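See structure below.
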Amino acid sequence: MLYFSIENSNILFVRFDVLGFKQAQTMAFAIDEINRNSHLLPNVTLGYSLYDNCNKLGIGFRAALSLASGLEEQVTLHETCVGTPPVLGIVGDDSSTRSIAISTVLGLYRVPMVSYFSTCSCLSDRQKFPSFFRTIPSDAFQILKHFGWTWAGLLISDNDYGLHAARSFQTDLSPSGGGCLAYLEILPEGDDPAELRRIVNVMKKSTAHVVIVFVVRQNVTGLQWMASEAWSSSAMLQTPHLMPYLGGTLGIAIRRGEIPGLREFMLQIRPDLHHNNNGNTMVRFWEYTFQCRFAPPPEGWVEAGGALCTGHEDLENVETEFLDILNLRPEYNVYKAVYALAYALDEMLHCEPGRGPFNRNSCGNLQRLEPWQLVYYLEKVNFTTPFGDQVSVDENGDVLPIYDIMNWQWLPDGRIKVQNVGEVKKSNNIYLFFSLQPPRSVCSESCPPGTRMARKRGEPECCFDCIPCSEGKINSMECTSCPEDFWSSPQRDHCLPKKIDFLSYHEPLGICLTVTSLLGTFICAVVLGIFIYHRRTPIVRANNSELSFQLLLSLKLCFLCSLLFIGHPRHWTCQLRHAAFGISFVLCVSCILVKTMVVLAVFKASKPGGEASLKWFGALQQRGTVLVLTSIQATICTAWLVSSSPAPHKNTQYHNDKIVYECVVGSTIGFAVLLGYIGLLAVLSFLLAFLARNLPDNFNEAKLITFSMLIFCAVWVAFVPAYISSPGKYADAVEVFAILASSFGLLVALFGPKCYIILLRPERNTKKAIMGRGNTKS
């Protein structure tokens, strides 16, 4: 075992730090325990050196440099050891300010330093402190986020620790993280009543109900105090006259641990007056604990008075916090720091030559150990303490955060109790909390669903008004637009799929049009059956029965083609609907046109010298004319489909909350030519029938054709503006209505009177009746 000590006759020790001595003895115990462990660092004996920095940066800084350089002021070696022992690492410091200064220099030489009490988040910067590690978590404010405290005040001390804590707090509780600072105040170092009163007034006026850190002896009540680990378990503040203000304080405390065997180790401590192996420190502890003194007292020591010390006093017979092992917090971190160095060294010594992590796969060697080699293994250290806590460091040299949550309770009998009410334990990025009922501390309550936050001018981002979202948007942190095929719910709190709108078979309008179309088809079939059954009667034969049959079949197709406009638009229905409509109506109007031309030819042939005209309107010519006229329309439809085919389209322009499925015509010119050709044939048929309306005959079909074409043209002239002005499915409904209306007009006008005679006035369905009526007129 190697022992190191330092003496400084220029330092006057005015009091003894029992807790510091306890932490030093915990380090000695950990090293002794490791040396007795046959599985950890076998054949290697660890030693240590203790330096008392007296809470002075200069002394601590000089001690660290002395250790790192190997220039200790006094070295006593065990007889089996040869040469100056290597310094593997430094455990300390307990102050963030001193750790910053010392690590800045030690980092240049990559000497590892493991702190057990420095929490400043600034020390996580690996660029500035590449060899700094710690077994206490850095300053963190996850508790605030857990309790939903987004609006808090912060009071800090005027030093590195306070300033860096404020910086870390502002980063962790930034608006992007869901929180804001109501105020940030720096506590004066001295007694400055005016400044303290100003700070207290700020706290009283603020709407923040949570205050981080503290002020004392000021009449500030009704606030939730959040204590840092530095004072959450401080006995100095747990006094009856402060509890009206600090009662209920909720703070994070260093993780309490258990170290088996530590008490027994401490009870074996005895002052050694003959060797200077940290003898002065032990003598001072003994004199302080038993209120005695050794003769003569050490130089520079304030005399304790009382009896002389024998060195055989029993520690168990005196009340001292030195032996309190039920509340091991910083001592537990010291214990973990020593073991972290030991495990890192053990891992390095287990390195297999040729498979190491260093240059040319080399390993570290104890005789030629470089500090940076141990830093490498410290970055990968991972072990579990006997208490069950996992110790491993992240890329910043910080251990997994483990906190105890402490609550200051003022009991009815006047006693003060600091109760452990939970813990923060980060394992695999999961934070675990005990159940607590915290107060509310927010500047503005969260906006209800369907609203967005609107920041108040001149105030922090956590202070806002709630404004309803516009249509089509929902709120998260701010109103966001729904995806293209979605729309906001009425409450504006989530997106719903847009309604699908088209002329459906299931809606009343679609059902009515479908029934009407099928009814028209059925009537056409009935009329066709009547005409076929009475095909040998004069009224059927006199009006060109073959063209009548073709006309009825084409009307049947016109009624059926309207069904293609109903239902969900598909690619094939969009292409087929207009082609079927155009060809069916051209076939129908062509039959009517040929009928009209035949009527004119018959009456022309009845005049002297007009017999030759019937040669041009025989059965073959009639069929050919209908076929040619229909083929022209088929050609127009083919060219339209090939050049710019109609296709289904999702239209979102008509309604914001609906998707209107419709068929776009593709080429407007193609659609116009199709309708124009039908109109041309219809107008031509109307004009010819109008010219033949007064021709003599008992049953002159020209009058019926004139009336039917008048209805047809009127329907389609009205269709064009109605179609253009109708949106979505209503445009399809208008087109279907035009098809059905014109088809019914032709069916009733052309075949109604004939069916009336055939079924109800059979006496007029004779050649004699027809010829007689004709002669009478003549």
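Position one of the sequence shown corresponds to residue 75 (this note's numbering), numbered consecutively onward. Built from N, CA and C at the ideal position, the CB exists for glycine as well. None of the values given here were measured: they were computed from a predicted structure.
Would a C-beta distance cut-off of 9 Å place residue i and residue j closer than the cut-off?
i, j, result
"tyrosine 409", "alanine 104", "yes"
"threonine 224", "cysteine 540", "no"
"phenylalanine 760", "leucine 784", "yes"
"leucine 871", "threonine 588", "With the chain running from 75 to 852 in the structure shown, residue 871 is simply not present."
"phenylalanine 825", "valine 672", "no"
"valine 738", "proline 722", "yes"
"leucine 120", "leucine 162", "yes"
"serine 705", "serine 741", "no"
"alanine 327", "isoleucine 479", "yes"
"asparagine 481", "valine 498", "no"
"alanine 175", "phenylalanine 135", "yes"
"methionine 422", "leucine 448", "yes"
"phenylalanine 639", "glutamate 809", "yes"
"glutamate 469", "glutamate 453", "yes"
"serine 123", "leucine 141", "yes"
"serine 515", "alanine 226", "yes"
"glutamine 855", "proline 523", "The structure shown does not extend to residue 855, since the chain is modelled only from 75 to 852, so the question has no answer here."
"cysteine 521", "cysteine 254", "no"
"glutamate 405", "cysteine 383", "no"
"leucine 758", "valine 794", "no"
"leucine 592", "glycine 641", "no"
"threonine 209", "valine 473", "yes"
"proline 643", "glutamate 736", "yes"
"valine 179", "isoleucine 164", "no"
"phenylalanine 633", "glycine 584", "no"
"glycine 744", "isoleucine 710", "yes"
Classify residue i as buried or exposed, calling it buried when 16 or more other Cβ atoms lie within 10 Å of its own Cβ.
i, result
"tryptophan 561", "buried"
"glutamate 153", "Residue confidence for glutamate 153 is low, a pLDDT of 48 falling below 50, so the modelled location carries little weight; the figure read from the coordinates is stated next. Result: exposed."
"valine 49", "Since the first residue of the chain shown is 75 and the last is 852, residue 49 is not available in this structure."
"isoleucine 504", "Confidence in isoleucine 504 is poor, its pLDDT being 44 and thus under 50, which makes the residue's placement too unreliable to answer from."
"leucine 93", "exposed"
"phenylalanine 359", "buried"
"phenylalanine 596", "exposed"
"leucine 694", "exposed"
"leucine 402", "buried"
"lysine 630", "buried"
"aspartate 388", "exposed"
"glutamine 707", "buried"
"alanine 713", "exposed"
"glutamine 493", "exposed"
"histidine 652", "buried"
"asparagine 129", "exposed"
"threonine 193", "buried"
"alanine 138", "buried"
Where DSSP assigns a beta bridge to residue i, which residues make up the other side?
i, result
"alanine 226", "Leu255, Val284"
"threonine 458", "Gln464"
"glycine 163", "For glycine 163, which the question treats as bridged, DSSP gives no partner whatsoever."
"methionine 480", "Gly325, Asn494"
"alanine 528", "Asp539"
"methionine 187", "Ile164, Phe206"
"tryptophan 561", "Leu570"
"threonine 363", "Its beta-bridge partners do not exist; DSSP assigns none."
"histidine 729", "Answer is none; histidine 729 lacks a bridge partner."
"aspartate 575", "Val734"
"glycine 802", "DSSP, once it has assigned bridges, lists no residue as partnering glycine 802."
"isoleucine 548", "Thr554"
"leucine 382", "Arg367"
"valine 473", "Val467"
Quick one: is the Cβ of residue i within less than 8 Å of any heavy atom of the ligand ADP?
i, result
"isoleucine 733", "You won't find the ligand ADP in this model; it holds no ligand whatsoever."
Can you tell me the Cβ-Cβ gap for residue i and residue j, rounded? I've got them flagged as a contact below 8 Å.
i, j, result
"proline 876", "proline 431", "As shown, the chain starts at 75 and ends at 852. That puts residue 876 outside it, with no answer to give."
"glycine 181", "phenylalanine 203", "5 Å"
"alanine 766", "alanine 776", "4 Å"
"tyrosine 751", "valine 660", "7 Å"
"asparagine 839", "threonine 670", "Actually they do not touch by this definition, with Cβ atoms about 23 Å apart."
"aspartate 91", "asparagine 127", "With a Cβ gap of about 10 Å, aspartate 91 and asparagine 127 do not count as contacting."
*Counting pairs of Cβ atoms below 8 Å between the stretch 169-176 and the stretch 417-424, do you hit three or more?*
no
*asked:* With three or more C-beta pairs closer than 8 Å as the rule, is the stretch 602-609 touching the stretch 825-837?
replied: yes
*At a cut of 8 Å, does the stretch 327-334 reach the stretch 458-474 through at least three beta carbon pairs?*
Two segments are said to touch when three or more pairs of C-beta atoms, one from each, lie closer than 8 Å; by this definition the stretch 327-334 touches the stretch 458-474.
*Examine the Cβ distances between the stretch 561-574 and the stretch 791-811 and report whether three or more of them are shorter than 8 Å.*
no
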